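Residue numbers (the numbering used here): 12 to 530.
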């Protein structure tokens, strides 16, 4: 009851304001101002509530880690929530203001009626003109909002009442009356009757500064509450309509925003799968359009990098390319044990003299392609082509403990593929090729050489020179594959090999032992 008393007291304090005929815009501005003032008073409690809500959301999210909500749903929900909050806040403020206006009007009406009766009743009350008093009470009781009106004398005997049966009875005040305030000798109170709020007025009837009696008036707030209820229903319906429209617009806006994001996500997945020629189409003159343009430029850069990478790999082999691009090849080189293989075509100079350059290039390309296939099958790496000669290494830059064994296997596979290639050449009327292969195992210095502007991955050391000399011995021994003793000692598998007599080679004081690789 105390809460309602405070609420009604505030209404009474504001009853003197000119409520009637107030412009709607002024009411709206005043409502906004009150809402903002109310928001400032609730700033700290709201922040604490938001912090608590945030914890609850995080706790829920931790229970559902795999729950995925599309961004357009989030945007639509946020927009809808914002619309609802704004509508409810403004509606609440406007309804509150309207209720104050209606109650103020009732108070003004009650005061006016009470003054009319009090000003016209003294002579009639002292003259005991009961019929005239009844007419005064009847006139104000005709208002549909007035529950009853009465006049008492100074002994609290009812002299006139809107209900004639109450005349000449002793007046008894309503129960649970809550005093609201007093203005110009008019006391204003309120009480509840059958769950209905009643405004109760009383004013003394004076004659030459003497109190002759009192006039009482009870006005129902039922009509006001009904109007407020109707306004709530109207606002509720309006809120539902606006919310539905807001949801529709929010969904459209969210889809408008999220659709290019989804395109970018799908394009990112496509780019991630290696399709660097893919482009995203977002015709928007905003930040998302700028993002799509930046994405396409990124894709172009990736496509260009991939093209450079693939082209680079054709010149220096993919293994060296990857090692160079990753920065794992030391600039000053590194000492490693490896197996070096040299292969050289026999009678190539006379072949060049007897055939046109186009035929030579075509034949060389077929030969090197077949040889490289055999080398790559065994994990070897072609370092360079020098005329009709190939320099191959096993064990660098990628480490392989079986490099000697794989070099011998590669040589045997090169023999087989050369036989197959020669069969094709003979069938087309071309001269068959012959080659010699030399293999040696030892320590090499592997790394980048060349100029500062153009580097070249190469091997340096006696191992490389000796492998080249062994390849040259194939002409002297009249065979196609020779392996050094150092290579033969590192073989784990059994290969059919024939040991040759020690051979003297240029650049070495001691003869070397080589093995003819038979199979």
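The beta carbon of each residue, even a glycine, is placed where N, CA and C say it ideally should be.
Please read all numbers here as calculations on a predicted model, not as lab measurements.
Straight-line spacing of the CA atoms in residue 106 and residue 162 works out to 36 Å. The Cβ atoms of residue 485 and residue 351 lie no closer than 8 Å to each other. Within the model, the alpha-carbon separation for residue 404 versus residue 375 is close to 20 Å. With fewer than three CB-CB distances shorter than 8 Å, the stretch 176 to 196 does not count as touching the stretch 251 to 266. By the Cβ neighbour-count rule, residue 458 is buried, with 16 or more other Cβ atoms within 10 Å of its own. Between residue 170 and residue 136, the CB-CB gap stays under 8 Å. By the C-beta density criterion, residue 280 is exposed, having fewer than 16 other C-beta atoms within 10 angstroms.
Beta bridge pairing from DSSP links residue 164 with 224. In its chain, beyond the 5 residues on either side, 526 have a beta carbon closer than 6 Å to the beta carbon of residue 510. Residue 217 is bridged by DSSP to 222. Straight-line spacing of the CA atoms in residue 454 and residue 507 works out to 25 Å. The residues 350, 415, 497, 498, 501, in chain order, have a CB closer than 6 Å to that of residue 452 in the same chain once the five nearest residues on each side in sequence are set aside. For the options 149, 164, 87, the alpha carbon positioned closest to that of residue 158 is the one of 149.
Note on geometry: alpha-carbon atoms of residue 97 and residue 104 lie some 11 Å from one another.
Here DSSP, grouped into helix, strand and coil, assigns residue 237 to helix. According to the DSSP assignment, residue 459 belongs to the beta strand (DSSP E) that extends over 446 to 461. Annotation: residue 93 to residue 213 spans about 48 Å, alpha carbon to alpha carbon.
Residue 360 and residue 303 have their alpha carbons spaced roughly 58 Å apart. Between the stretch 127 to 147 and the stretch 277 to 292, the count of Cβ pairs shorter than 8 Å is below three; the stretches do not touch. In this structure, the CA atom of residue 356 is about 29 Å from the CA atom of residue 503. Nearest Cα to residue 189 within the set 176, 203, 181, 180: 203. Residue state for residue 172 is assigned as strand, using DSSP reduced to three classes. In the three-state scheme derived from DSSP, where H, G and I count as helix and E and B as strand, residue 516 is classed as coil. The C-alpha of residue 435 is placed about 10 Å away from the C-alpha of residue 429. The alpha-carbon separation between residue 147 and residue 174 amounts to approximately 13 Å.
Per DSSP, reduced to three states, the secondary structure at residue 479 is helical.
As a beta-bridge residue in DSSP terms, residue 509 pairs with 527.
Shown here for residue 186: same chain residues with a beta carbon closer than 8 Å to its own, the five before and five after excluded, namely 202 in chain order.
Residue 114 is positioned such that its CB atom lies closer than 8 Å to that of residue 235.
Inter-residue distance for residue 287 and residue 243 is about 60 Å (C-alpha atoms, whole angstroms).
In the structure shown, residue 287 falls within a coil segment according to DSSP collapsed to helix, strand and coil. Assignment of residue 346 by DSSP, reduced to helix, strand and coil, places it in the strand class. Assigned with DSSP and collapsed to three states, residue 183 falls in coil, not helix or strand. By the neighbour-count criterion, in which 16 or more other beta carbons inside 10 Å mark a residue as buried, residue 398 falls on the exposed side.
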